[in-house]
Amino acid sequence: MPKDATRAPETLLDIRNLSVDFRTPRGRVKALRDISFPIRRNRIVGIVGESGSGKSTVLWALLGLLAKNAEVTSGEVLFEDRDLLHASEAQLRATRGEEISVVFQDPMTSQIPVLTYGTQMRDILYRRPGLPTAEKRRMAVEMLGKVGIPDPDKRIDQYPHHFSGGMRQRAGIAMALLTGPQLLLADEPTTALDVTMEAQIIHLLQDLQKELDATVVVVSHNLGLIAELCDDVVVMYAGEVIEAGEVREIFHNAQHPYTRALLECDPARIDDVSRKLPVIPGDIPDLTKARSGCIYAPRCQRALPVCRDTFPPDVARGEMSLARCHLLAGPHHDPSWPPPLDVMTVGTGEAGARKPARVKRDDPLLDVSDLNVQFETVGPLRARLKGIRTRHVDAVLDVSLSIAPGETVGLVGESGSGKTTLGRTVLNLVPAQSGSVRFEGQEIRNMPEARFKPMRRDMAMMFQDPVGSLSPRKSVRALITEPFQIHGITGIDLDDEAERLAEMVRLPKAFLSRYPHELSGGQARRVGVARALALNPKLLIADEPTAGLDVSVQGEILNLMADLQAEHGLGYLIITHNLPVVRHIADRLAIMYLGRIVEEGRTDEVFARPVHPYTQALVEGVPQPDPDRRRAHVSISGEVPSLLNRPKGCDFAGRCPFAQDLCRAQKPPHVTMADGRQHACHFPLGH
Amino acid sequence: MLYYLTKRLGLSAAVIGLVVLVLFSLLHLIPGDPATIALGPRATPEAIARYAEKMHLDEPVWRQFLIYIGNALTGDLGLDVFSNRPVTAIIMERIGFTLALVCAGMGWAMLLGIPLGCLAAVKPGSWLDRVTGVLSVGTIAVPSFLVSIWALLIFAVQLRWLPAIGAGEPGQLGDQLSHLVLPAFAIGLSWVGYLARMVRASMLEVMGENYIRSARAFGLHPQRVIFGYALRVAILPTITLIGMGFGGMISSTVFAEIIFARPGIGKLIFDAVMARNFPIVQGAVLVATGLYILVVLFSDILIAWFDPRVRESL
Amino acid sequence: MSENRSESETGLPAVDATGLPDHVTAGAIRESAARERREKLRMFLTNWQGLTGLILVVLFFASAIFAPWIAPYDPNALDVPSRLSGPTWDHLAGTDQLGRDTLSRILYGGRVALKIAAIGVSVALVAGLVLGMIAGFGPRWLDNLLLLAFDTVRAFPTIVLALAMVALTGPSLEMVLAIVIITSIPQYARVARTATLTLRNTDFILAERSLGASMARTLLHHVMPNVVGPLLILAAMDLPVVVTVEAGLSFLGLGVLPPTASWGTILNEGYLVIRDAPLMVIAGGIPLVLTTLGFTFLGEALRDIFDPRMGKGR
């Protein structure tokens, strides 16, 4: 990063010494502290960081659209010689949308529901009074076509709720690019989307950037997306830029201990699945407090005494590369840092094998066969009025699955795949229409609650939202001892039990008197685990166990679950969309698409040789956190269809690159191959 | 839309049916002979017999109910006990006064309250916002019947600027309008406050939505953002509030009509209650309630018209 | 669209944070509960509206409870020679046409208002809470049935319903209470139902079910604590409405009957002599305004502090 005041000519936007505070009831949160970096013309710049890093705040500060309680305390943002931070509101307005435009994180909430796309896009072109309305519409239609919306001519007159999630995000990109801005900002552009959609959006952004010669800034927590899409990368931690550089420098030769640790924690980068996942211990520091020394020192494995009280130097490497660490320069320079990439710098908490050898396969703990779950979509009266004949959709269709004691089965699918419904049906939280669910040989499907209640002690569930699945007005102590009360277990000391469970999930005792909203995601997740395991169940169904957790802490939960499994011989059903994570924990995988299991087999085999084209698409769809492994093309297009429009033949036929006439006409049956793998495909890959 | 309309209409019809049932059973639930209750203890036996026959009191209760419903559907709400005139005709004479008062009261409240709320929301914390805040709490805190009394005291009795009672000479528009001013002021005043606060609150909420941030990020003009985007969404809960609040408006109207001796439906019901003239009470309450249900229905349809999601999904 | 509800509602992928804004750091979230309570107290104490409201409400309670000790006269003591007097040292708020001391009558009238408000609101709140939770958690048909019942009750404008009921039974304190309770229940029930419905599909209620918690336990331990808060705030806002309804009905001669002192009867008697003794309707109205103002301020301050998202009209 240039230290002098002159800017290199290729710099489009220069952020200098930007500091932003938020005034909150708890005091001033110093969300950004003295950050500086340039954004170079015609490049895709990624700002990466975990929650609380301030990465989105940077973006909103550039636009002058910070929340009302925010205050820019210092700095300047130079955009072509104009300082955006000190520009008048009118100047800013002329810049926003015309020269700098934005793609938003959640297309479901960032587009106004009561106006058509035509109106919204015409509004964006309001600064061009000379342009006739028909011409504006033509431009909008053209742009919608360019981002891949079919029939743009007709769809432009529709409202956002007529568009599916992926289509909405495409329309959002079209709106942002309509005016041909020089700088496009994208705030977590794929976070709200499914894996297969994410890949498409990444490529769309890449293609459009090349075509329109724009400069793009992408804010994301997703290392894979950054590696796949960006040219330059800025790494943020707790409101500071701790490292910046070209994408290969960052991913192949990271200088800062935090960057190194972050990369090491990403399960997608770890090929050895037999080891435990690494973890960065601790939490982001309290940003209301004044800091001295390195912001990362409290969590850093390499922290020296000096790190805690002396501010580390910014060590420049190249034109825009820098890292802020005592190890890199000055009296504490360590020439052996950073170590080669294959040396791990963060630990896993414990050494040793992740998992004991596979126990012998007993009788299945859980055995689901031909299970069907239907949801009513319209009431009988409405169906009659609207002439709808089928009032139900199949959320789960002919699903068979079994879990042995001590086994972990991963149930993988995108939204709408029915994976969550399946999990809930097993626990009798959702009624099933047909099929059977056997637990230790006993049929439990739709068993009356009174009879089923004792069995709930053996089957526990962890829900997706770690904080949201805890009753908000109960203390942690009350929450983790509630299972004992529900099942009327006497002869135990509840306080002792609470402490035992807290210790089991490695939650400090002081937390027992806290309430859910006072917990971080990882801590709340531990409480969820403690509750689920309070009664020593035999089966645990975990719905997205890493949802809402940062990369650096998700390993803690997964390692904890693995330890508990080794200790108690639990059977796990892990419901997730996150393939890199499930690869590390599951023995077997079942891939679901539109309510059907399309492939099932041992995890390593499924990853190595997917049989179903959809599995292949999922495996390839995950962006790799390695800029040298960028994908040249997207293997599948389109989106998961609505359950209301289930295709007649194979559910995947409409998106499958190998689909043939048979696929469109006939549903493929479930087939068990010689090696025990199952699939539902007419033309399995590699056969 | 068709489905939505059908559903809303069906619901409204069901509620009106239940209202009739409630009104009807109120009369029949109380112990004693309905005719005696209706006509009072001093009625002659002949009058009671005549009434019983006219009201089909010798029939079983459920038949009486069906007869009442059937008659009500054809616009026949029975006869006034004293004058023997059709209740429907009496109500029609009076309803104009009530409608004029309600429209005038709600009208001025909307014209003042909605813009005030908008302006206050655009600059929260400004002097206009604070003044609006204090004024609206102030107006909400004074019950409408008290406003009526005090307005009568100040403007009619003390200052003598405006007429105190009646609805003005028939046919003389100016006179009728001058009689309308005070009651309309009285019933609308608290609504200015309600609406201003409501619009402000929902505007502020909408202004915090992601799509407003999007519009601003695309550099749209603030006027377009506020009136074309935010108000367009924020007006929806306000419409619901106005529809629901219409019942309160009718209550205020009853007071205003009694205090200003204005011959509308409210005064009609009150006088009929005092005179124990039950067919009038029954009929006029039904009309007042029906009016309210219609307004709520109308506000629901208006929302469906404004909001494509409601239009299609319900 | 309700396709696969259970999944589309919770189907968000692993988001960056736990849904928290980026700038709130994990460290800042985990503040102790005590500090948050102190913070809320501080917010309340620095909110002048809330403080004013609290003072007015305390005054209302104190004056009503201690009326027999602080009232200068017996509220029904006649003093015919000094009838209809203006403010004097003997009668600070003047006297009525029978020479009764208006100040004393106002203080005693507060007792009636407090009684009706306290009983009416608490009964309506409890009933509304129970009915609302049943509607929200029970089967669909029961929900629809209860909704229809609520809609029917709400279809009657309060005063119109009161008129219809009083027409049949005659005025009394109990009647006023019944009317207040019946007309208030639907709004409590609706708020409770909406809150329960939202809770019903949350992960934590599902989590309770997955642990085997009975419906009673779920409702009592996990739903109710989260529903009661908004209802209490609603009650603070509803109290002045109830006081107003009582005063209004008594003003019309349909509520508390003379000679019992109530703010409504004072206004009624004052209205009759409005041309000769305007002081009575002024003095009789002021406590009503102050009480309404007090509860409104207090309710809004509580709402802003505890439930900022509820800042909508009712």
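Residue numbers (the numbering used here), protein chains in the order written: chain B, 1 to 687; chain V, 1001 to 1314; chain L, 2001 to 2314.
Where a beta carbon is used, it is the ideal one built from N, C-alpha and C, also for glycine.
Contact between Phe2137 (chain L) and Leu2219 (chain L) is confirmed by a C-beta separation of about 6 Å, below the 8 Å threshold. From the beta-carbon of Asp493 (chain B), no residue of chain V is found nearer than 9 Å; the closest lies around 48 Å away. DSSP, reduced to helix, strand and coil, places His568 (chain B) within a helical segment of the structure shown. Annotated as proximal: Val102 (chain B) and Ala1217 (chain V), with beta-carbon spacing under 8 Å.
Legend: CB atoms of the region 1221 to 1249 of chain V lying less than 9 Å from CB atoms of chain L belong to residues Pro1237, Thr1238, Thr1240, Leu1241, Met1244, Gly1245, Phe1246, Gly1247, Gly1248, Met1249.
One finds Ser471, Pro472, Arg473, Lys474 in chain B with Cβ atoms closer than 9 Å to the Cβ of Pro2225 (chain L), taken in chain order. According to DSSP, residue pairing for Val72 (chain B) in a beta bridge involves B:Val20.
In the three-state DSSP reduction, Leu2041 (chain L) falls in the helix class (H, G or I). The Cβ-Cβ distance between Gly148 (chain B) and Leu204 (chain B) falls below 8 Å. Taking 8 Å as the cut-off, the Cβ atoms of Val1137 (chain V) and Phe2297 (chain L) count as close. At least 8 Å separates the CB of Asp2304 (chain L) from every CB of chain B. Against Leu131 (chain B), chain V offers no close residue; the least beta-carbon distance is about 16 Å (beta-carbon pairs closer than 8 Å). Counting only runs of 3 or more residues that sit fully inside the region 498 to 586 of chain B, the beta strand (DSSP E) segments are 539 to 543, 571 to 576, in chain order. The C-beta of Thr1074 (chain V) has fewer than 16 other C-beta atoms within 10 Å across all chains shown, which makes the residue exposed.
Residue nearest to Gly676 (chain B) within the set B:Leu59, B:Gln206, B:Arg588, B:Ser164 is B:Arg588 (criterion: CA-CA distance).
Listed along the chain, the chain L residues whose CB falls inside 7 Å of the CB of Tyr1292 (chain V) are Ala2155, Pro2157.
Secondary structure note for Ser1299 (chain V): its alpha helix (DSSP H) is the uninterrupted segment 1278 to 1306.
Straight through space, the alpha carbons of Arg1224 (chain V) and Pro132 (chain B) are spaced by roughly 19 Å. Look at the region 137 to 171 of chain B: the residues with a C-beta under 7 Å from a C-beta of chain V are Tyr159, His161.
With a threshold of 8 Å between beta carbons, Pro483 (chain B) makes contact with chain L.
Among the CB atoms of chain L, none fall inside 8 Å of the CB of Ile1165 (chain V).
A buried status is given to Pro537 (chain B), since no fewer than 16 other beta-carbon atoms sit within 10 Å of its beta-carbon. The C-beta of Phe2044 (chain L) comes no closer than 8 Å to any C-beta of chain B. For Ile100 (chain B), the uninterrupted beta strand (DSSP E) segment begins and ends at 100 to 103. Along the region 1196 to 1209 of chain V, going in chain order, the ones with a CB nearer than 8 Å to a CB of chain B are Glu1209.
If you draw a straight line from the Cα of Pro2186 (chain L) to the Cα of Asp2151 (chain L), it comes to about 8 Å. Going by DSSP, Gly654 (chain B) is part of no beta strand (DSSP E) at all; its letter is neither H nor E. Sequence-distant partners of Val467 (chain B) (beyond 5 residues in either direction) whose C-beta falls short of 8 Å from its own C-beta, in its chain, are Pro516, His517, Leu519, Gly521, Ala524, Gly548.
Phe1024 (chain V) has a beta carbon lying at 8 Å or more from every beta carbon in chain B. The residues Val235, Met236, His256, Tyr258, Thr259, Ile295, Tyr296, Ala323, Arg324, Cys325, in chain order, have a CB closer than 8 Å to that of Ile242 (chain B) in the same chain once the five nearest residues on each side in sequence are set aside.
Contact of Gly2212 (chain L) with chain B by beta-carbon distance below 9 Å involves Glu449, Phe452, Lys453, Pro454, Met455, Arg456, Arg457, Pro483, Ile486, His487.
Apart from the 5 residues on each side of it in sequence, Phe22 (chain B) sits with its Cβ closer than 6 Å to the Cβ of Val29, Ala31, Asn69, Ala70 in its chain, given in chain order. For Phe2066 (chain L), the closest Cβ of chain V is not nearer than 8 Å. Rounded to whole angstroms, Pro1183 (chain V) and Ala1256 (chain V) show a C-alpha spacing of 6 Å.
Leu618 (chain B) places its beta carbon less than 8 Å from that of Leu579 (chain B).
Chain-ordered, the chain V residues with CB closer than 8 Å to the CB of Tyr2271 (chain L) read Ile1149, Ile1259.
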